[in-house]
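What follows is a single structure, written as structure tokens, with notes after it.
In this note's numbering, the protein residues as written are -16 to 305.
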């Protein structure tokens, strides 16, 4: 169904409308048989992605997510009349934990002021709590978890739709590296058998947000996204299968991983965040001991598997593995 302009249709405000998660939310709701009006947040309405959404019928508004007093007023104004709000924050790795926390609180406060039916929040697990205080530097996880707690504290009706690890990461910083012998290697500190929860963020995240909007029973505050639970060995095996290249996974020491990240120009504070994240996932799991089963029910369609994603994007993978 096309995006509705009918004033009687529910209005959904999408923060980060041109990003991976926000654009996926808009796409998933476009595919629904229910009518929705949409208002999208962007920091630059002139960029092609924003203009394309405008042509589709999305009301695009330019809003700076930096939680200054002036921007808070603009966010409150942009949330007016909303039935539902989807919000995602700029990761602490690109700003700071304090900034991300304040940004998330700004969106939650504005949604409460607008008296929305449901605030859909893109949060993550608190790795400091999951690890019992062992891993305290995964600020990009903990900040989002603290926003989730804030939503509970202020009594807003909300659902935390947690994104799993992105398949897209293996097209970027997580891509295998070419070796002198012509093979490709994915390095990591986790064992080859350790597993991760993964999904197609750009293509499928919106499926779970649509579920939250159309199937929310009330009271439930958490949805865990996931399309595949894969070991490192399975990830590289699939890449080999569809590209015809020899792709391996090699476990390295923490010291080797640290040196490699620093050598590629990763800032020190991000290195610390990432190392704690990897360690916590390896030891305690991406979602801790939570059962993801209930979250996979009631989706509009089956999310893409890793094999399907690689097959659909094999040209991109072949460019990387060349």
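Don't be surprised by glycine CBs; every beta carbon is placed ideally from N, CA and C. Remember, predicted model here, so these are calculated numbers, not experimental data.
Where does residue i fall in DSSP's three states?
| i | result |
| --- | --- |
| residue 110 | helix |
| residue 135 | helix |
| residue 66 | coil |
| residue 152 | helix |
| residue 143 | strand |
| residue 207 | strand |
| residue 180 | strand |
| residue 73 | coil |
| residue 160 | strand |
For residue i, is the classification buried or exposed, using 16 other Cβ atoms within 10 angstroms of its Cβ as the cut-off for buried?
| i | result |
| --- | --- |
| residue 159 | buried |
| residue 261 | buried |
| residue 86 | buried |
| residue 287 | buried |
| residue 22 | buried |
| residue 122 | buried |
| residue 60 | exposed |
| residue 8 | buried |
Can you list, in chain order, the residues of its chain with a C-beta nearer than 6 Å to that of residue i? Leave out the 5 residues immediately preceding and following it.
| i | result |
| --- | --- |
| residue 20 | -13, -8, -6 |
| residue 5 | -3, -1 |
| residue 57 | 46 |
Leaving aside the five residues before and after residue i along the sequence, list all residues of the same chain whose C-beta is less than 7 Å from its C-beta, in chain order.
| i | result |
| --- | --- |
| residue 161 | 167 |
| residue 267 | 113, 114 |
| residue 198 | 281 |
| residue 10 | 189 |
For residue i, report the span of its alpha helix (DSSP H) as first-last.
| i | result |
| --- | --- |
| residue 226 | 215 to 226 |
| residue 188 | 184 to 198 |
| residue 241 | 237 to 246 |
| residue 293 | 289 to 295 |
| residue 255 | 251 to 267 |
| residue 89 | 80 to 96 |
| residue 34 | 31 to 39 |
With distance defined between alpha-carbon atoms, name the residue in the options nearest to residue i.
| i | options | result |
| --- | --- | --- |
| residue 171 | 232, 123, 192 | 232 |
| residue 271 | 180, 64, 156 | 180 |
| residue 128 | 116, 150, 105 | 105 |
| residue 80 | 66, 120, 63 | 120 |
| residue 203 | 210, 194, 209, 211 | 194 |
| residue 225 | 74, 304, 9, 83 | 304 |
| residue 210 | 282, 154, 197 | 282 |
| residue 2 | 239, 151, 208 | 151 |
| residue 278 | 256, 191, 251, 243 | 191 |
| residue 25 | 16, 163, 35 | 35 |
| residue 273 | 53, 41, 109 | 109 |
| residue 259 | 248, 240, 247 | 240 |
| residue 205 | 213, 144, 227 | 144 |
| residue 300 | 18, 8, 156, 213 | 156 |
| residue 64 | -10, -15, 154 | -10 |
| residue 229 | 117, 18, 220 | 220 |
| residue 42 | 298, 28, 15, 234 | 28 |
Quick check on the DSSP output: the beta strand (DSSP E) that includes residue i runs from which residue to which?
| i | result |
| --- | --- |
| residue 20 | 20 to 25 |
| residue 171 | 167 to 171 |
| residue 347 | Lying outside -16 to 305, the shown extent of the chain, residue 347 is not represented and no answer is given. |
| residue 234 | 230 to 234 |
| residue 45 | 42 to 45 |
| residue 8 | Careful: residue 8 lies outside any beta strand (DSSP E), inside the alpha helix (DSSP H) at 3 to 13. |
| residue 282 | First-last for residue 282: undefined, no H or E at that position. |
| residue 304 | Note, residue 304: premise wrong, no beta strand (DSSP E); not H, not E. |
| residue -5 | -6 to -3 |
Can you list, in chain order, the residues of its chain with a C-beta nearer than 8 Å to that of residue i? Leave out the 5 residues immediately preceding and following it.
| i | result |
| --- | --- |
| residue 265 | 172, 173, 174, 177 |
| residue 148 | 179, 180, 181, 182, 269 |
| residue 91 | 70, 102, 104, 130, 133, 134, 137, 139, 141 |
| residue 146 | 4, 105, 107, 182, 184, 188, 208 |
| residue 294 | 225 |
| residue 54 | 46, 47, 48, 89 |
| residue 98 | none |
Using a Cβ-Cβ distance under 8 Å, would residue i count as near chain B?
| i | result |
| --- | --- |
| residue 218 | Here there is only one protein chain, and chain B is not present. |
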